[in-house]
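Take a look at the structure set out below.
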Amino acid sequence: MGTNHRIKVLISVIGLDGHSTGAEVVSRILMDAGMEVVYLGIYQTPEMIVHAAIQEGVDVIGISSHASNYDQILELLRLLKKNNLDDTCVICGGTIPKHTAQELKDRGVSEIFPPQSTSESIVNFIVSHVKRAELSSAS
Amino acid sequence: MKRETDYGHPIKPVYTPKDIENLEYERDLGDPGSYPYTRGYHPEGYRGRVWTRRMTAGLGSSRQTNEVLKRYRDMGQKGGMLVICDRTNAMPIDPDHPIGRREVGLLGWPGASLLEFEELMDEIPLTGQSITLLGSCAMSAVRLAYIVALAEKRGVDLSEVHGSVTEYPFCNNFGQTDAQPLDLNLKLWLDSSEYIIRNKIRMRSGILSQHFQESGGNNAQALAVEMAMLRELCSLLVHERGLDFDDVALLPYELVSIGSRFFEEIAKIRALRRMWAKMAREEFKAKKDKSCHLLIAVHTSGRTMTYQQPLNNIARSAIQTLAGAVAGCTAIDNACLDNAHAEPSPLAARMSLNTQHIVSDETGVTDVVDPLAGSYFVEYLTNKVEEEAYKIWSKIEELGGMIAAIEKGYIQEMLTESAQKKHREVERGERLIVGVNELVIPPEEDFQIPIQELKSGDSEGIAQRMEEWKKTRDLPLIEAKMAQLYSDAKKGESYNLMPSIVDAVKAYATAAEIIGVIRKARGLSYDPLETIECPFALK
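Here the protein sequences come in this chain order: A and B. Sequential numbering of the first sequence, starting at 1, is according to the working numbering. Sequential numbering of the second sequence, starting at 140, is according to the working numbering.
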């Protein structure tokens, strides 16, 4: 994939959201693309996700969202900042309305993938993001 | 483009009498109203009664949802109301729970207490329409207690209330999750079901393939899973609770998910009627004809509603609604054009209800029962989906039935594989979806639709109200009811907790308090999320 290490991605559903299919499908796509996936499952609080991200040292956090609970994602961003993990790339996927998607991006989410996004678009985004991060830390 | 059914069976360009040469009319179809009921239960079909045309409601506070329900009534929804519960309710945790307060009311009606049910039903009759509350299995007994308590308060004869407020214990595996273990869900479902049957309440219980299918399962699997669930749950009521099958058979209703594979969806429902009738008569030895009628409602598929070009979803919903109508069903609620964006906006809700009325009042579909019977293709598909479903169902039975198959991970694995396959098929262009992998337009040119959203802070408002209100209750009375419930919950699996749950609900104990106390009696933590402590001194 052209990066120096195997990319490690944390995939989780957040808060009380119980829709796990999207997260499971995406986890499989990323594993098939050669990435290491830490899948947390459902009922993960922002605190639990940040804790796991620190423990596992992941490059990317992917949140699957189908429950309109965007405050939980904002809380996750706040906690990452508090733990000096602002540079961890956060991506979201799911049924997120456009203007909410823009608001989340303004607050620090790197990319939002709407339903039916292609595997290629998700994999390419992650690979190029991790490459860029490596280049900037090397320079 | 793949020319095969969604369960992978190849489709030929034309079907002839040879494809159904073994079909015997009386044995395999029968007239509408005759065994095996493939063609439906009523000789007159929709001429006697058109299906209940309804829309899901549930967003924000109970008062807000009540307003929506009243608006739906003005839009022509008179036959039945359908409310979906929110995520705090599903677990259940109360709206003022530290984790619940961030998202209470976002995805449905919070419904944490009888107070909220009273607010939900304000100025709305309990009788004369079906009352359906969709939510998790864990909350089944509590939702049923709301009905019992409110009927009593209003002086309404409970036997005149109909609808469904309880749901099957397997939804945790199919995306409709709560936070309770399977054994507890099973107990609460059996308790509520037994209570309904023994008290001759006209409430059904949802034993649904919809969640399975909306999570990515295919048509044959959905039929197999539905039959396996029905078989196991009915057996438990007959053998463990000592009920008569002819009474048990009046309990289940099935919500079928109908996607865009028009003929296959119709075949699935026709096959389901036949499969249930055969099981009822041959295995359960049903004595009454009525026991061979499985009540079937339709949910048009939210999964097929695309984020891209959302107005296209109106066309999809119309086709799916027509499929449900042609197949024959008791009620339809259709997914809205904005399903992939947010909860239904008033515009989307009106479009959905109008779609149903266009189908029922303009197309002529209500004139004739089972209009596709005798079609070589549809009869072939009905046989085929049934045959494939029987294969999967036998495999489930070989593993020991539905509960055993879930414990062994068989059902979950089957579902995951099917969901992956569906995703790959779309990605490879083997299945076309307009606006997604065909006729795509740039996102900036996409249709603009109104989005129904809660304002930030609405959840916190509901949480604060709950916090304040809880303190105003008759706390000694609640303590006493909780002590009773706790002691009853220690009396063994078959000791029915419904009477003590009804008492607790009448005293305004909340959902999380009731389920929490039952959890404690079973040696579990009071709070399923292990964040708060039990507020009662239980002995």
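Cβ coordinates follow ideal geometry from the N, Cα and C atoms, glycine included.
Counting Cβ pairs, one atom from each stretch, are 3 or more of them under 8 angstroms apart for the stretch 121 to 135 of chain A and the stretch 498 to 518 of chain B? no
Run through DSSP, which three-state label would A/K154 get? In the structure as shown, chain A begins at 1 and stops at 139. Residue 154 of chain A is therefore absent and cannot be evaluated.
Is there a Cβ from chain A that is less than 7 angstroms from the Cβ of B/V575? Stepping through the second sequence from its first residue, residue 575 of chain B is reached at position 436. B/V575 counts as touching chain A.
Pull the bridge partners of B/V243 from the DSSP assignment, please. Locating residue 243 of chain B in the second sequence gives position 104, where the first residue counts as 1. According to DSSP, which records beta bridges pairwise, B/V243 is partnered with nothing at all.
Among all the DSSP beta bridges, which residues are the ones paired with B/Y625? Indexing the second sequence from 1 puts residue 625 of chain B at position 486. Partner(s): none; B/Y625 has no beta bridge.
Is the distance from the Cβ of B/P171 to the Cβ of B/D383 below 7 angstroms? Your numbering for residue 171 of chain B matches position 32 in the second sequence. Your numbering for residue 383 of chain B matches position 244 in the second sequence. Cβ atoms of B/P171 and B/D383: not closer than 7 angstroms.
Got a sec: which bits of the stretch 64 to 82 of chain A sit with their beta carbon under 8 angstroms from any beta carbon on chain B, in order along the chain? A67, S68, N69, D71, Q72, E75
Kindly list, in the order they appear in chain B, the residues whose Cβ is closer than 8 angstroms to that of A/I42. The residue you call residue 42 of chain A lines up with position 42 of the first sequence. Ordered by position in chain B, the residues that pass the 8 angstroms Cβ test against A/I42 are T316.
Is the beta carbon of B/Q591 less than 7 angstroms from the beta carbon of B/A481? What you label residue 591 of chain B is simply residue 452 of the second sequence in a count that begins at 1. What you label residue 481 of chain B is simply residue 342 of the second sequence in a count that begins at 1. Their beta carbons are under 7 angstroms apart, which means B/Q591 touches B/A481 by this criterion.
Quick one: which chain B residues come within Cβ less than 8 angstroms of A/H19? As a position in the first sequence, residue 19 of chain A is number 19, starting the count at 1. Result: G314.
Candidates B/D233, B/Y211, B/K534: closest to B/Y665 by CA position: Sequence index remark: in the second sequence, residue 665 of chain B carries index 526 (1-based). When each option's Cα is compared against that of B/Y665, the closest is B/D233.
Alpha-carbon to alpha-carbon, B/D597 and A/M1: As a working note, residue 1 of chain A is residue 1 in the first sequence. As a working note, residue 597 of chain B is residue 458 in the second sequence. Confidence in A/M1 is poor, its pLDDT being 48 and thus under 50, which makes the residue's placement unreliable; the coordinate value appears in the next sentence. Going by the C-alpha atoms only, they are around 45 angstroms apart.
A/S119 touches chain B at which residues, Cβ-Cβ below 7 angstroms? Within the first sequence, numbered from 1, the residue matching residue 119 of chain A stands at position 119. Under the 7 angstroms cutoff, chain B gives E566.
Close-in-space but distant-in-sequence residues of the same chain around B/Y86 (CB under 8 angstroms, 5 per side omitted): This structure gives no information on residue 86 of chain B, because the portion of chain B shown stretches from 140 to 678.
Counting only beta-carbon separations shorter than 7 angstroms, does B/R122 have a partner in chain A? The structure shown does not extend to residue 122 of chain B, since chain B is modelled only from 140 to 678, so the question has no answer here.
Might you give, ordered along the chain, the residues of its own chain that have their beta carbon closer than 6 angstroms to the beta carbon of A/G108, omitting 5 neighbours on each side? Start at 1 with the first residue of the first sequence, and residue 108 of chain A comes out as number 108. Only L77 meet the Cβ criterion.
According to DSSP, is B/H438 helix, strand or coil? On the second sequence, position 299 is the one that residue 438 of chain B refers to. Of the three classes helix, strand and coil, the one that applies to B/H438 here is strand, per DSSP.
Could you round the C-beta distance between B/R202 and B/E258 to whole angstroms and report it? I think they count as a contact, below 8 angstroms. Start at 1 with the first residue of the second sequence, and residue 202 of chain B comes out as number 63. Start at 1 with the first residue of the second sequence, and residue 258 of chain B comes out as number 119. Yes, B/R202 and B/E258 are in contact; Cβ-Cβ is about 5 angstroms, under 8 angstroms.
Report the residue from A/L40, A/K8, A/A67, A/L80 whose alpha carbon sits nearest the alpha carbon of B/V243. Here residue 243 of chain B refers to the residue found at position 104 when the second sequence is read from its first residue. Checked all of A/L40, A/K8, A/A67, A/L80; the closest Cα to B/V243 is A/A67.
Quick one: residues in its chain with C-beta nearer than 8 angstroms to the C-beta of B/L376, no 5 flanking neighbours on either side, listed in chain order? Locating residue 376 of chain B in the second sequence gives position 237, where the first residue counts as 1. Excluding residues within five positions, the ones whose Cβ falls inside 8 angstroms are L329, S332, E333, I336, L382, V387, L390.
For B/D613 and B/S626, what's the separation of their Cα atoms in angstroms? In the second sequence, counting from the first residue as 1, residue 613 of chain B sits at position 474. In the second sequence, counting from the first residue as 1, residue 626 of chain B sits at position 487. So the two alpha carbons sit approximately 20 angstroms from each other.
Based on the DSSP output, what are the partners of A/G94 in its beta bridges? Taking the first sequence and counting its residues from 1, one reaches residue 94 of chain A at position 94. DSSP, once it has assigned bridges, lists A/S65 as partnering A/G94.
Cβ closer than 7 angstroms: which chain B residues qualify as neighbours of A/R28? If you number the first sequence from 1, residue 28 of chain A lands on position 28. Going along chain B in sequence order, the residues near A/R28 (Cβ under 7 angstroms) are Q559.
Looking at C-alpha atoms only, which residue of B/L265, B/T502, B/K659 is the closest neighbour of B/A290? Taking the first residue of the second sequence as 1, we reach residue 290 of chain B at position 151. The shortest Cα separation from B/A290 among B/L265, B/T502, B/K659 belongs to B/L265.
For B/A558, which of B/A650, B/L571, B/F313 has the nearest alpha-carbon? Residue numbering aside, residue 558 of chain B sits at position 419 when the second sequence is read from its first letter. Considering only alpha carbons, the answer is B/F313.
Tell me the DSSP secondary structure of B/F351 in three-state form. Looking up residue 351 of chain B in the second sequence gives position 212. Note: B/F351 maps to helix in three-state DSSP.
Note down, in chain order, every chain A residue with its Cβ under 8 angstroms from the Cβ of B/M245. Stepping through the second sequence from its first residue, residue 245 of chain B is reached at position 106. The sequence given here places Leu at residue 245 of chain B; Met does not occur at that position. Going along chain A in sequence order, the residues near B/L245 (Cβ under 8 angstroms) are A67, S68, N69.
Tell me which same chain residues have a C-beta within less than 8 angstroms of the C-beta of B/R142, skipping the five on either side of it? By one-based count along the second sequence, residue 142 of chain B stands at place 3. So the qualifying residues of the chain are P149, I150.
What residues in its chain sit with their C-beta under 8 angstroms from that of B/L663, if we drop five residues either side in the sequence? Working through the second sequence from its first residue, we reach residue 663 of chain B at position 524. Cβ neighbours of B/L663 beyond the five flanking positions: P320, L323.
List the residues of chain A whose Cβ lies closer than 7 angstroms to the Cβ of B/I405, in chain order. By 1-based counting over the second sequence, the position of residue 405 of chain B is 266. Chain A residues near B/I405: none, gap ~25 angstroms exceeds 7 angstroms.
Give me the DSSP bridge partner(s) of B/S456. As a position in the second sequence, residue 456 of chain B is number 317, starting the count at 1. Per DSSP, none; premise fails for B/S456.
For B/E669, count neighbouring Cβ atoms within 10 angstroms of its own Cβ and tell me buried if that reaches 16, exposed if not. Position 530 of the second sequence, counted from the first residue, corresponds to residue 669 of chain B. Classification of B/E669: exposed, given that the 10 Å Cβ count is below 16.
Would B/S626 pass as an interface residue toward chain A - the criterion being a Cβ-Cβ separation below 7 angstroms? If you number the second sequence from 1, residue 626 of chain B lands on position 487. Not one chain A Cβ lies under 7 angstroms of B/S626.
Where A/M1 falls: helix, strand or coil (DSSP): Position 1 of the first sequence, counted from the first residue, corresponds to residue 1 of chain A. Legend: pLDDT at A/M1 = 48, less than 50; position of this residue unreliable, value from coordinates given subsequently. Reduced to three states, the DSSP call for A/M1 is coil.
Would B/A416 pass as a contact of B/P674 if the rule is Cβ separation under 7 angstroms? Against the second sequence, residue 416 of chain B aligns to sequence position 277. Against the second sequence, residue 674 of chain B aligns to sequence position 535. No.
Shorter than 7 angstroms from the beta carbon of A/Q102 to some beta carbon of chain B? Taking the first sequence and counting its residues from 1, one reaches residue 102 of chain A at position 102. No, because no Cβ of chain B sits closer than 7 angstroms to the Cβ of A/Q102.
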